[in-house]
Amino acid sequence: MLYAILCYHDEDFVGSWSREEDAAVMEKLAVVHGKLAGQGRLGPVARLLPTTAATTLRKDSEPPVVIDGPFAETKEQLLGFYVVDCADLDGALDVARDLALANPGGAYEIRPIGLFMPGAAQP
Amino acid sequence: MTDLAWIDTALTAARPQAVGALLRYFRDLDTAEEAFQNACLRALKAWPQNGPPRDPAAWLIMVGRNVAIDDIRRSKKQQPLPDDELISDLDDAEAALAERLDGSHYRDDILRLLFICCHPELPPTQQIALALRIVSGLTVPQIARAFLVSDAAMEQRITRAKAKVARARVPFETPGAPARSERLGSVAAMIYLVFNEGYSASGDAAGVRAPLCEEAIRLARLLLRLFPSEPEIMGLTALMLLQHARAPARFDAGGEIVLLDEQDRSLWNVAMIAEGLALIDKAMRHRRPGAYQIQAAIAALHARASRPEDTDWTQIDLLYGALEILQPSPVVTLNRAVAVSKVRGADAALAMIAPLEDRLSNYFHYFGAKGALLLQLDRRNEARIAFDRAIALARTTAEAAHIRMHLDRLKRESEAAGT
């Protein structure tokens, strides 16, 4: 069984780290990543850019609405995620629209990825 | 991170919200600031023992408010005339202890705090100093160092600014939509001023002032979180990120300016560029162009080119054209001329900037650019005259040194050829 581990933290707080503090945290994380990768248990790892860089496509209406900012409705839960390679936001929105077509409702938050490690584990 | 470092970042992050809320209660900048300082002192004692509170800002607001109210009560016993105006809503203080912080208040508090700092009656230098003191919590010596003035002079500047704000009777009601967008514009301008204070520094000063750029970016991100759908705020944040991303490549080891074309692009900060590009991408979708967005779009075209020759100068020329319409200024035209020289040649660029000479007769960059264009056309004597004017107008040693390099080369080449 593969497990997704989603990282939550206060963005104000993380965003106020200096470059050195940030690098120190990343270095400690790299040790954990290294251990898991060595055991072939590391899946994809992604660090997202801040929520201000997020766009959301909501399927509440037809055609779906595109809004700024992160997806923040407490009545909906995170069910999964995709990592896709797109030239720009418009490209990513096209993919989200295709996904929304196959889906009766909900929302897709589009967050640019700051760091991506493809990992080694197979489902 | 150690306890203390953790607490320090938490206090910095909570500051705008906490000082903003305390200002709403006490309606006096000094009282709000002092209350926050007192709350911080208590946090330093309590947090290492009890662990961090769930909501540090809320904790600081509650504690700061209680301490300040205590202080005011105590001093009231000694003073015959109570200063009732100082405490606007003492009545609901007890009830408010249990109140959860309201999201819309949070937004208005921070906006009001930023807006007070960019009060129209304050000259820009005082606006920046006040914002750095009140919103960012920089110490007076830190700000003084960034502005290269003495501590005493900066102290006086901030005191004067506070006095003016106190006299001006800042309105405390929630601004309506038109007032808010007007305020947002001046707050954005103030943040960009802070950024430029850091960005325009060079040589030794660049290291000292770089934190101003980071602080401006932090404030812009905060503003963007409050107004996630304002394309100009996205543009401003993107612009500063894209410009600051080049900081490691802008000066050589000797502190001399390295022009964009000659910068080592591998030194550019990839993460900042990615965030800047994502934001300008988002902003453009709104189809409500503004000056910050256009400037960010120009910076984005530079950032997207992995080599100088890959730069899309045609697009940059068009964007400057749009900026000229939106915000006409000889400096914008001068910048456009650089793009024009790449697209249509140095002759066209020279013709474009010739009419600006009267208005820019005291502007270093005008004569620097003119000299460079003349040099491209091999009009060496005229180039030398332009560079001479530029060097006389240089404001920093790095600017002067850069022009000196051109002049020295001209001299060497003419000596070699002259015989």
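So the sequence lines, in the order shown, correspond to chains A and B.
First residue of the first sequence: -13, per our numbering; consecutive thereafter.
First residue of the second sequence: 219, per our numbering; consecutive thereafter.
Beta carbons are placed, not taken as given, at the ideal position from N, Cα and C, and that holds for glycine.
_Tell me the DSSP secondary structure of D479 (chain B) in three-state form._
Helix.
*Specify whether the stretch 258 to 271 of chain B and the stretch 33 to 46 of chain A touch according to this definition: at least 3 beta carbon pairs, one from each stretch, less than 8 Å apart.*
Between the stretch 258 to 271 of chain B and the stretch 33 to 46 of chain A, the count of C-beta pairs closer than 8 Å stays below three; the two stretches do not touch.
*Nearest-angstrom beta carbon gap, I571 (chain B) and A557 (chain B) [assumed within contact, 8 Å]*: Not confirmed; about 12 Å, so no contact.
*For G508 (chain B), which residues from the same chain have a beta carbon less than 8 Å from its beta carbon, with the 5 sequence-adjacent residues on both sides left out?*
P449, E450, G453, L544
*What do you get for E400 (chain B), buried or exposed, if any count of 16 or more other CB atoms within 10 angstroms of its CB means buried?*
It is exposed - the Cβ of E400 (chain B) has fewer than 16 other Cβ atoms within 10 Å.
*Going straight from the alpha carbon of E312 (chain B) to that of V285 (chain B), what length do you get?*
Summary for E312 (chain B): the model assigns pLDDT 38, below 50, so the residue's position carries little reliability; its value from the coordinates is reported in the next sentence. Cα to Cα, the separation comes out at about 13 Å.
*From W224 (chain B) to R525 (chain B), what distance separates their C-alpha atoms?*
40 Å
*DSSP state of L241 (chain B) mapped onto helix, strand, coil*: Reduced to three states, the DSSP call for L241 (chain B) is helix.
*For P49 (chain A), count neighbouring Cβ atoms within 10 angstroms of its own Cβ and tell me buried if that reaches 16, exposed if not.*
exposed
*State the start and end residues of the unbroken beta strand (DSSP E) segment that holds G494 (chain B).*
Counting along the chain, G494 (chain B) falls outside any beta strand (DSSP E), though it belongs to the alpha helix (DSSP H) covering 488 to 502.
*Just curious, the beta strand (DSSP E) that E95 (chain A) is in, first and last residue?*
93 to 96
_Interface flag, T41 (chain A) vs chain B, CB-CB below 7 Å_ = yes
*Cα separation between A82 (chain A) and D76 (chain A)?*
10 Å
*Which whole-angstrom value is the C-beta distance of T41 (chain A) and K500 (chain B), which I expect to be below 8 Å?*
6 Å
*Looking at the unbroken beta strand (DSSP E) that takes in F102 (chain A), where does it start and where does it end?*
99 to 103
*Q255 (chain B) classed as buried or exposed, judged by whether at least 16 other C-beta atoms fall within 10 angstroms*: exposed
_Residue closest to E474 (chain B), alpha-carbon to alpha-carbon, out of B:R622, B:V358, B:D246, B:P274_ = B:R622
_Looking at the secondary structure, which residues open and close the alpha helix (DSSP H) in which V81 (chain A) lies?_
Secondary structure note for V81 (chain A): its alpha helix (DSSP H) is the uninterrupted segment 75 to 87.
_Any beta carbon of chain A sitting closer than 7 Å to that of H624 (chain B)?_
no
*For L262 (chain B), does the three-state DSSP call read helix, strand or coil?*
helix
*asked:* Looking at the strands, I want to know which residues DSSP matches up with R598 (chain B).
replied: The partner list for R598 (chain B) (beta bridge, DSSP) is empty, contrary to what the question assumes.
*With burial defined as no fewer than 16 other Cβ atoms inside 10 Å of the residue's Cβ, what is the status of T357 (chain B): buried or exposed?*
exposed
_I need the straight-line Cα distance from E252 (chain B) to V237 (chain B), nearest angstrom please._
9 Å
_Can you check whether the C-beta of R598 (chain B) is within less than 7 Å of a C-beta belonging to chain A?_
no
*Name, please, each residue of chain B whose Cβ falls closer than 7 Å to the Cβ of D74 (chain A).*
What D74 (chain A) touches in chain B: D499.
*Distance, E433 (chain B) Cα to G416 (chain B) Cα*: 9 Å
*Would a C-beta distance cut-off of 7 Å place I334 (chain B) and V388 (chain B) closer than the cut-off?*
Going by C-beta atoms, I334 (chain B) is nearer than 7 Å to V388 (chain B).
*Give the DSSP-derived three-state secondary structure of I512 (chain B) in the structure shown.*
helix
*For R44 (chain A), the residue or residues it bridges with in DSSP*: A:V51, A:A93
*To the nearest whole angstrom, what separates the beta carbons of G394 (chain B) and T230 (chain B), a pair I think is in contact under 8 Å?*
The pair is not a contact, with the Cβ atoms about 31 Å apart (cut-off 8 Å).
*Since A32 (chain A) sits in a beta bridge, which residues does DSSP pair it with?*
Residue pairing for A32 (chain A): DSSP places it in a beta bridge opposite A:F102.
*Measure the C-alpha to C-alpha separation of V476 (chain B) and A428 (chain B) and round it to an integer number of angstroms.*
17 Å
*Would you report the Cα separation of F469 (chain B) and Q481 (chain B), rounded to the nearest angstrom?*
9 Å
*asked:* Here's the rule I'm using: 16 or more other beta-carbon atoms within 10 Å means buried, otherwise exposed. How should M12 (chain A) be labelled?
replied: M12 (chain A) should be labelled exposed.
_Residues near L240 (chain B) by beta carbon distance below 7 Å, same chain, minus five either side_ = A250, A253, F254, I279, G282, R283
*Comparing alpha-carbon positions, which option in A:F102, A:H19, A:D54, A:R27 lies nearest M(-13) (chain A)?*
A:R27
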